[in-house]
Structures are given as structure tokens and as C-alpha cells.
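Chains S and U are the protein sequences, given in the same order. Each residue of the first sequence is one higher than the one before, counting from 12 in our numbering. Each residue of the second sequence is one higher than the one before, counting from 461 in our numbering. A virtual CB, placed ideally from N, CA and C, is assigned to each residue, including glycine. Keep in mind the model is a prediction, meaning the values are calculated, not measured. Encoded as C-alpha cells, the structure appears first; notes follow it.
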Amino acid sequence: MPTVRWYNNRRVRGVLYQIIVLGGVVALAAYLVDNTLHNLERRSIATGFDFLGREAGFGISETLIDYSPADTYFHALLVGLFNTLKVSIIGIVLATVLGTIAGIARLSRNWLVAQFATFYVETLRNIPVLLQLFFWYALITEALPVPREALNPLPGVFLSARGMRFPEPVWGATHVAMLVALIVGIVAAVILARWARRRQERTGQIFPTGASATALILGLPAIAYIAGGAPTALDMPELRGFNFTGGVVVTPEFAALLIGLVLYTGTFIAEIVRGGILAVSHGQTEAGLALGLSRGLVTRLIVLPQALRVIIPPLTSQYLNLTKNSSLAVAIGFPDLVSVANTAINQTGQAVEGVAIIMAVYLTISLSISAFMNWYNQRIALKGGR
Amino acid sequence: MSDERRLQETPQQIFAREEEPVDGVYPETVQPPRRRFAGALSWARENLFSSVGNALLTVFGLYLLWRILPPLADWTLLQSVWSTDDPAVCKAAEGACWALITQKYRFILFGLYPFEEQWRPALATALFIAAGAITAVPAFWRRALIGLWAGVAVICAILMWGGVFGLPFVENAKWGGLPLTLILAVVGIAAAFPLSIVLALGRRSELPAIRAVCTGFIELIRGVPLISVLFMASVMFPLFLPEGVTIDKLLRALAGIALFTAAYLAEAVRGGLQSIPRGQYEAAEALGLTYWQKTGLIILPQALKISIPPIVNQFISMFKDTSLVIIIGLFDLLTTAKAALSDPPWRPFYIESYLFAALIYWMFSFFMSRYSLYLERRLETGYRR
Numbered sequence: 012m013p014t015v016r017w018y019n020n021r022r023v024r025g026v027l028y029q030i031i032v033l034g035g036v037v038a039l040a041a042y043l044v045d046n047t048l049h050n051l052e053r054r055s056i057a058t059g060f061d062f063l064g065r066e067a068g069f070g071i072s073e074t075l076i077d078y079s080p081a082d083t084y085f086h087a088l089l090v091g092l093f094n095t096l097k098v099s100i101i102g103i104v105l106a107t108v109l110g111t112i113a114g115i116a117r118l119s120r121n122w123l124v125a126q127f128a129t130f131y132v133e134t135l136r137n138i139p140v141l142l143q144l145f146f147w148y149a150l151i152t153e154a155l156p157v158p159r160e161a162l163n164p165l166p167g168v169f170l171s172a173r174g175m176r177f178p179e180p181v182w183g184a185t186h187v188a189m190l191v192a193l194i195v196g197i198v199a200a201v202i203l204a205r206w207a208r209r210r211q212e213r214t215g216q217i218f219p220t221g222a223s224a225t226a227l228i229l230g231l232p233a234i235a236y237i238a239g240g241a242p243t244a245l246d247m248p249e250l251r252g253f254n255f256t257g258g259v260v261v262t263p264e265f266a267a268l269l270i271g272l273v274l275y276t277g278t279f280i281a282e283i284v285r286g287g288i289l290a291v292s293h294g295q296t297e298a299g300l301a302l303g304l305s306r307g308l309v310t311r312l313i314v315l316p317q318a319l320r321v322i323i324p325p326l327t328s329q330y331l332n333l334t335k336n337s338s339l340a341v342a343i344g345f346p347d348l349v350s351v352a353n354t355a356i357n358q359t360g361q362a363v364e365g366v367a368i369i370m371a372v373y374l375t376i377s378l379s380i381s382a383f384m385n386w387y388n389q390r391i392a393l394k395g396g397r
Numbered sequence: 461m462s463d464e465r466r467l468q469e470t471p472q473q474i475f476a477r478e479e480e481p482v483d484g485v486y487p488e489t490v491q492p493p494r495r496r497f498a499g500a501l502s503w504a505r506e507n508l509f510s511s512v513g514n515a516l517l518t519v520f521g522l523y524l525l526w527r528i529l530p531p532l533a534d535w536t537l538l539q540s541v542w543s544t545d546d547p548a549v550c551k552a553a554e555g556a557c558w559a560l561i562t563q564k565y566r567f568i569l570f571g572l573y574p575f576e577e578q579w580r581p582a583l584a585t586a587l588f589i590a591a592g593a594i595t596a597v598p599a600f601w602r603r604a605l606i607g608l609w610a611g612v613a614v615i616c617a618i619l620m621w622g623g624v625f626g627l628p629f630v631e632n633a634k635w636g637g638l639p640l641t642l643i644l645a646v647v648g649i650a651a652a653f654p655l656s657i658v659l660a661l662g663r664r665s666e667l668p669a670i671r672a673v674c675t676g677f678i679e680l681i682r683g684v685p686l687i688s689v690l691f692m693a694s695v696m697f698p699l700f701l702p703e704g705v706t707i708d709k710l711l712r713a714l715a716g717i718a719l720f721t722a723a724y725l726a727e728a729v730r731g732g733l734q735s736i737p738r739g740q741y742e743a744a745e746a747l748g749l750t751y752w753q754k755t756g757l758i759i760l761p762q763a764l765k766i767s768i769p770p771i772v773n774q775f776i777s778m779f780k781d782t783s784l785v786i787i788i789g790l791f792d793l794l795t796t797a798k799a800a801l802s803d804p805p806w807r808p809f810y811i812e813s814y815l816f817a818a819l820i821y822w823m824f825s826f827f828m829s830r831y832s833l834y835l836e837r838r839l840e841t842g843y844r845r
């Protein structure tokens with residue numbers, strides 16, 4: 012056996028390469044950190060996360076949790092985070108609905124419907140989302156009238172350049188009871204569905220799961236509502252001075268961000284849904300029909316489960332994209348995490364910490380969404396076999 | 461022809477083969493079943509009114525078109541104002557104010573670049589687009605392309621900066637509009653590409669430390685929004701540099717975009733690497749090739765070919781994402797379209813300005829996405845099973 016010199020040994024080389032690369036990375040990091048510390052010191056900028064505990068001193072136009080300028084930076088960032096989550100979650104739900112409809116519409120046998128969907132997908136997909144955000148924001152703030160001349164499409168609903176206002180129920184004990192009833196209804200429906208499935212597997216008897224689950228989920232809150240005396244008190248928006256007070260408000264910033272993100276992401280989801288449906292061969296549908304299943308059952312039991320396997324992974328990355336794109340809020344003034352952090356950076360000068368917080372939060376959100384979607388994907392994946 | 465002989469045929473032979481009669485009938489003479497109805501009426505019946513639900517949808521769609529199209533035509537063409545330097549004329553008109561575009565298109569396209577010198581960015585843009593069009597034709601895919609791009613890059617740099625051959629010097633803080641958008645996209649991807657190959661190879665390396673570094677970088681960048689990377693480029697890069705060294709905003713933005721794109725491109729390249737059958741790796745090793753020979757001669761040429769369509773898609777998405785530089789204060793196409801409205805009397809005509817910019821973005825993205833579909837079909841060589 013020929014002897015190999017030690018420096019030609021594959022193992023030794025491998026270790027050597029790794030040491031060089033790691034050493035390089037560490038050296039680069041150390042160099043950058045050293046420069047940064049030096050620069051910060053020279054500009055007398057503080058380091059560390061102490062600023063989080065200090066008073067923020069700036070107002071935030073729209074908050075889900077209580078906030079005042081006297082609160083801390085940490086609290087302000089939390090408000091921003093909640094705003095990011097709010098727009099992302101609503102956006103993901105709406106974009107999924109819109110994308111699914113558009114994706115199916117593109118495959119419609121109705122030529123006109125398919126053309127509408129194609130036009131929507133091919134135009135909005137190819138225009139930068141930020142441009143779309145600017146457009147919607149300008150449209151809302153410029154084209155809609157001032158509050159004094161607000162549009163009033165439905166009683167109590169007002170559309171103006173300051174946003175949309177609609178009536179809000181005066182929250183009371185009955186509504187809490189309804190919420191509890193809703194949760195109980197959902198839990199009961201899930202238990203019922205499991206029981207019905209087991210019974211069907213055992214005996215073959217079919218239980219009307221869909222109808223009874225709907226009855227549980229909608230019926231229980233309705234009973235709670237009536238039992239609570241059916242309160243109808245509404246907090247109506249009212250014009251006071253130059254703006255409305257009362258009711259629920261959807262700000263122009265939030266509306267523009269949501270419309271832009273949903274329309275843009277919807278085009279990508281439409282293409283994913285279309286691809287997923289096309290990926291299920293037509294033979295599957297025919298085989299299902301040949302077994303005597305109804306069209307609805309074929310879609311639900313045969314086509315959808317197979318299409319979902321193709322759809323879920325790219326859909327996950329679209330959800331991530333929407334969440335990440337929600338950071339464009341900073342450009343139109345919606346106080347999401349990035350814009351709050353940006354304000355904090357401008358006030359404290361602590362750019363490194365600010366950017367680090369933004370990155371850490373988004374990384375956490377991204378990893379959580381992927382973890383959830385991976386879990387869901389595994390649940391619906393083919394088990395065993397191949 | 462016997463079945464065995466058919467099996468031995470090469471694709472060329474099959475293609476060139478003249479059809480033989482099947483059961484005494486030549487395939488060409490077999491007529492397709494006749495369609496029951498001919499012409500537009502049957503088409504409408506099949507595609508618009510095949511069922512009650514479809515008919516209702518069609519009627520509703522036609523109603524929508526009737527409500528949308530005439531006012532739209534009115535606004536865009538019939539009632540619009542095409543040329544005036546007085547915003548009040550636009551204000552009085554019912555339709556679109558295309559005069560905003562005819563007045564300000566030079567600013568929207570070229571930003572703050574000195575007005576008399578704007579033929580230079582225009583020429584540079586034309587060169588960029590021409591080079592892109594040549595690159596898009598597979599028949600021209602050879603080494604000379606690298607030379608072409610190097611030449612284009614040098615000429616464009618001379619045109620944009622000037623300072624030689626009697627061209628006045630223009631600092632890059634004055635660059636703007638479409639040329640800047642193209643520079644950000646093309647230079648960004650050119651810088652990202654080599655890095656992405658290294659990252660993709662690193663992520664598939666057998667050495668755990670290298671794999672960890674590359675995976676960590678890719679996942680970190682892919683997990684955060686582009687804005688945060690651009691923020692980092694604009695506010696943190698200056699802190700990273702030793703005292704006295706500064707790099708300008710454009711270069712910092714380019715570095716941020718390149719790092720960001722590299723992570724996404726690396727995943728496209730990794731997809732290509734993964735679709736190379738294991739046998740190719742084993743065959744290369746059996747020939748006694750070293751890692752770099754194996755990678756450079758056998759694996760990468762095949763893997764990159766497979767990755768071309770996703771790389772083009774990544775380029776499209778990056779082309780659109782360059783618009784984010786508005787947030788760190790660079791004067792790209794979106795910024796100029798927005799800034800054209802900062803003139804108060806023109807402000808009400810934001811739709812026209814945004815539509816103009818949107819149309820330019822759309823044309824580039826749409827043609828590139830069509831091109832990527834064409835490539836996907838053309839490059840399909842049967843690794844996918």
C-alpha cells in the first residue's frame with residue numbers, strides 16, 4: 012500500500028480547510044467588531060441594549076396594545092411587532108383566499124373568467140410591490156374625499172382620506188360569553204369529527220359531520236347572544252371637527268399596505284394553486300368518478316389532498332415573503348416593527364442593536380412559520396411506502 | 461418495422477422516419493373526428509355558455525367589462541391631455557394627464573443626471589438592454605459573452621462617470637432613474653453569482669464546519685427582509701470600516717443587494733446540484749478527478765444549466781426589489797416617479813406617474829418571465845423523471 016504524505020491525507024486536509032475557513036470567518040468578524048466598537052466610541056454612541064428600558068418619547072399612530080410616548084422603547088417595539096403580526100396574519104388569510112380563487116379561475120372552462128384571472132396575475136405579478144403600495148396609498152389619501160364629505164356607502168360606514176370607519180358593538184359580558192361559546196363550539200366540533208371518523212371506519216355509517224359542526228360553531232355563540240338579551244348597542248362613528256370619532260377605524264396606511272400585499276402575493280399563490288391542481292393527473296378524477304364518488308367528494312377526497320402536497324412547500328415561502336414584505340410599511344408610514352425600530356435608531360443612534368433586533372424578530376417569525384408549515388406538510392405527506 | 465428495430469432507433473431516426481401505414485391506413489389520412497359546430501358560435505357555446513352557472517358568470521363578466529372599458533378608454537385616450545406645460549389645463553380635463561409624462565419623462569428616466577448629458581445614460585441603458593438581448597439567445601452562449609459584458613461594463617462606466625474623452629465627470633450621487641435600476645439589478649446579480657456558487661457548494665460540502673457557515677449565512681439572509689439588509693448596508697457598513705475609509709451609498713446598496721441575492725441564488729444553484737444523478741459524481745470520482753476537477757468539469761456545467769430558469773426568476777424578483785433602495789435614499793426609477801410629483805401643481809396626477817413607472821417595470825419583468833418559461837422548455841434534457 013503506497014504511503015500518503017500527511018498533508019495529502021484527505022482527512023487532514025478536510026480539518027485544515029475547516030480551520031482556515033472558520034479562522035477566516037472569526038477573524039473577519041473580530042475585525043468588523045473591533046472597527047465598529049472603535050467607530051462607536053469615536054462618535055460617542057452607546058452600545059448595548061440598555062436603551063430598551065428608556066422612555067421612547069415618540070407617538071405611534073396605531074396600536075393594538077396600550078401605548079403612550081412615556082412608555083419604553085421595548086414597549087414601542089412590541090407595539091410595532093404586534094402591528095407587523097396583525098397585517099401579516101390578515102394578509103396571509105386574504106391572499107390565500109384571493110390566490111385560490113384566481114388560481115382556480117385561471118383554469119376555469121369559462122374563457123372570460125380565465126382571461127380576467129390571467130390579466131390580474133400577469134399584470135400585478137410583474138410590478139414591484141413597493142410601487143403598488145405607493146399607488147394604493149396615494150389613491151386612498153388623494154382620491155377619497157375629506158372626512159367632512161366622506162362617502163357613506165352603508166349606514167354607519169364612512170370612507171374618507173383619513174381611512175374607513177365602521178360601527179363597533181359596545182363590548183359587554185355577552186360578547187365574552189359568545190367568544191367562550193365559539194371556542195367551546197370549535198372544540199366540540201373537532202371532538203365530534205374525530206368520533207364520527209372513527210365510527211365510520213369501524214361501522215361504515217356516515218355521520219353528517221359538516222352540518223353538525225357548523226351548527227355547533229355558529230349555534231352556540233348564537234344561543235349565548237340570545238341568552239345575553241341580544242344587545243344591539245353600537246358605537247357609531249361621528250363627525251367631530253375635522254375627523255371622525257368612535258367606531259372601528261381602518262387607517263389609510265394599514266389599508267394600502269394590506270391591499271398591496273394581498274393583491275401582489277395573491278398572484279403568486281394563484282400560480283402555485285394552478286400548478287398544484289394541474290399536477291394531479293386527470294386520471295385521478297376519472298378514477299374517483301368511476302368509483303361512484305360525487306364530484307364534490309372527488310375534489311375533497313382525491314384531488315385536493317394530492318394537490319396540497321404540491322402546493323404547501325411553495326405556499327410556505329409565499330407566506331414568508333408576505334411577512335417579510337410587510338416591512339415595506341416603513342415607506343408609507345404604517346408603524347410596523349421596522350418603522351418603529353427605524354425611529355428608535357434615528358433617536359438613539361444605536362443602529363447595530365436596532366438592525367439586530369429587526370433581524371432577530373424576522374428570523375424568529377420566519378422560522379416559526381416554516382416550522383408550522385413543515386409540520387402541516389408532514390401531516391399531509393404520503394405515509395410509509397415510497 | 462419490427463418492435464425490436466424501433467427500440468434501437470435514435471431520436472434522430474425516429475424524427476426522420478416516414479410514417480408507415482398502420483393496418484393499411486397512413487396516419488396522415490386518418491381524419492380527426494369532426495367537431496359538431498364550427499365557428500364563433502360553437503366556440504362561445506363551449507367556452508362561455510357551457511352551463512347555467514357559466515352563462516351567469518359570462519354575463520356578469522361582460523357587464524363588468526362594459527362598466528370598466530368605456531370609462532377607461534375615455535380616461536386614457538379620448539379625454540386625456542398629452543402636451544401642456546400648464547397643470548391647470550390637466551386639471552380642467554376629465555381624462556389622464558399624460559402631459560405630466562411628456563413634461564417630466566426625462567427626469568423620471570434619468571433622475572438628477574445633468575440634463576444636457578442625458579444622452580449618456582440613455583446610450584448606456586440601450587447598451588445594457590442590447591447586451592441582455594444578445595445574452596438571451598442560446599445560440600450566443602459561449603465564452604465571448606463574458607468579453608462582451610466586460611466591454612459593455614467598461615463603456616457604460618465611461619459613459620456614466622465620464623471624466624475622460626472630453627466627457628464631463630458626473631458623480632454617482634447624481635445617477636438616477638432607469639439606468640440606476642438596471643445597474644443595481646445587473647451588477648447586483650453579477651456580484652452575487654460567484655458568491656452563490658461558493659455558498660451552494662459549501663452547503664453541500666462534506667466538511668461540517670464549512671457546511672454550517674454556508675447554511676447559517678443562507679438561512680439568516682433568507683429569513684430577514686431585504687429592507688433590514690439595506691438598512692444594515694446604509695447604517696452599519698460605515699461603522700464596520702476602519703477610521704477614515706468611506707464607501708459611497710450606491711456601492712453600499714449594491715453590496716447589500718448582492719449579499720441578499722447571493723443567498724437566494726445559492727438555493728437555485730443548490731437545486732441544480734441536487735438534481736445531478738449520483739452516478740455523475742461517482743463516475744467523476746472513479747476517473748480519479750480531484751474535487752475541483754469533478755466540480756468544475758462535470759458537476760457545475762450540468763448543474764448550472766439546470767439552474768438557469770430559477771436564476772432568471774431570481775433576477776426578475778431582484779429587478780423588482782431594487783425599488784426598495786428608495787428607502788435608503790437612492791434615486792432609482794420608483795424614486796424619480798415619486799419625486800416627479802413633489803411639484804405641488806402636478807401632485808394630483810400621481811396615477812399617471814406611477815403607471816408610467818409600472819409600465820417600464822412590467823415590460824422588463826414580463827418579457828423576462830416569458831423568456832424564463834421558454835428556457836425551461838428548451839433546457840429540459842430529461843434528468844427530471
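Backbone secondary structure at residue i - three-state DSSP
i        : result
U/Arg845 : Unreliable placement is indicated for U/Arg845, whose pLDDT of 41 sits below 50; the coordinate value is still reported in the next sentence. Three-state DSSP puts U/Arg845 in coil, outside helix and strand.
U/Glu745 : helix
U/Pro654 : helix
U/Met461 : With a pLDDT of 48 at U/Met461, under the threshold of 50, the modelled position of this residue cannot be trusted; read the value that follows with caution. Correct three-state label for U/Met461: coil.
U/Trp822 : helix
S/Pro346 : coil
S/Ala361 : Residue 361 of chain S is actually Gln in this sequence, not Ala. S/Gln361 falls in the coil class under three-state DSSP.
S/Ser379 : helix
U/Asp546 : coil
Residue i vs residue j beta-carbon contact at 9 angstroms
i        : j        : result
U/Phe691 : S/Val349 : yes
S/Phe279 : S/Asn332 : yes
S/Val366 : U/Val785 : no
U/Cys557 : U/Glu836 : no
S/Arg136 : U/Ser829 : yes
U/Tyr741 : U/Ile768 : no
U/Ile649 : U/Leu733 : no
U/Ala723 : U/Leu793 : no
S/Leu289 : S/Leu118 : yes
U/Thr782 : U/Leu644 : yes
S/Asn353 : S/Val341 : yes
U/Leu572 : U/Leu619 : no
U/Leu699 : S/Thr47  : yes
U/Ile776 : U/Ser735 : no
U/Trp806 : U/Gln563 : yes
S/Leu2   : U/Leu529 : This structure gives no information on residue 2 of chain S, because the portion of chain S shown stretches from 12 to 397.
U/Pro639 : U/Pro581 : yes
S/Gly360 : S/Ala318 : no
U/Thr585 : U/Leu642 : yes
One or two residues paired with residue i in a DSSP bridge
i        : result
S/Val168 : S/Leu165
S/Thr83  : S/Glu66
U/Cys557 : U/Val541
S/Pro180 : S/Leu245
U/Gly637 : U/Asp792
Beta strand (DSSP E) segment containing residue i, residue limits
i        : result
S/Met175 : Gly174 to Phe177
Range of the contiguous alpha helix (DSSP H) that encloses residue i
i        : result
S/Tyr28  : Arg21 to Arg53
U/Arg580 : Trp579 to Ala596
S/Tyr330 : Leu315 to Asn336
U/Asn507 : Gly499 to Asn507
U/Ile670 : Pro668 to Gly683
U/Pro531 : Val512 to Ala533
U/Pro574 : Run containing U/Pro574: none; DSSP gives neither H nor E here.
U/Pro805 : Premise fails: U/Pro805 is in no alpha helix (DSSP H) and is neither H nor E.
U/Ser767 : Leu760 to Asp781
query = Going along the chain, which unbroken runs of the alpha helix (DSSP H) with 4 or more residues stay wholly within the region 186-262 of chain S?
reply = Taking only runs of at least 4 residues, the alpha helix (DSSP H) segments lying wholly in the region 186-262 of chain S are 220-238.
Continuous beta strand (DSSP E) assignments of at least 3 residues falling wholly in the region 85-169 of chain S = List check, beta strand (DSSP E) in window: 162-165.
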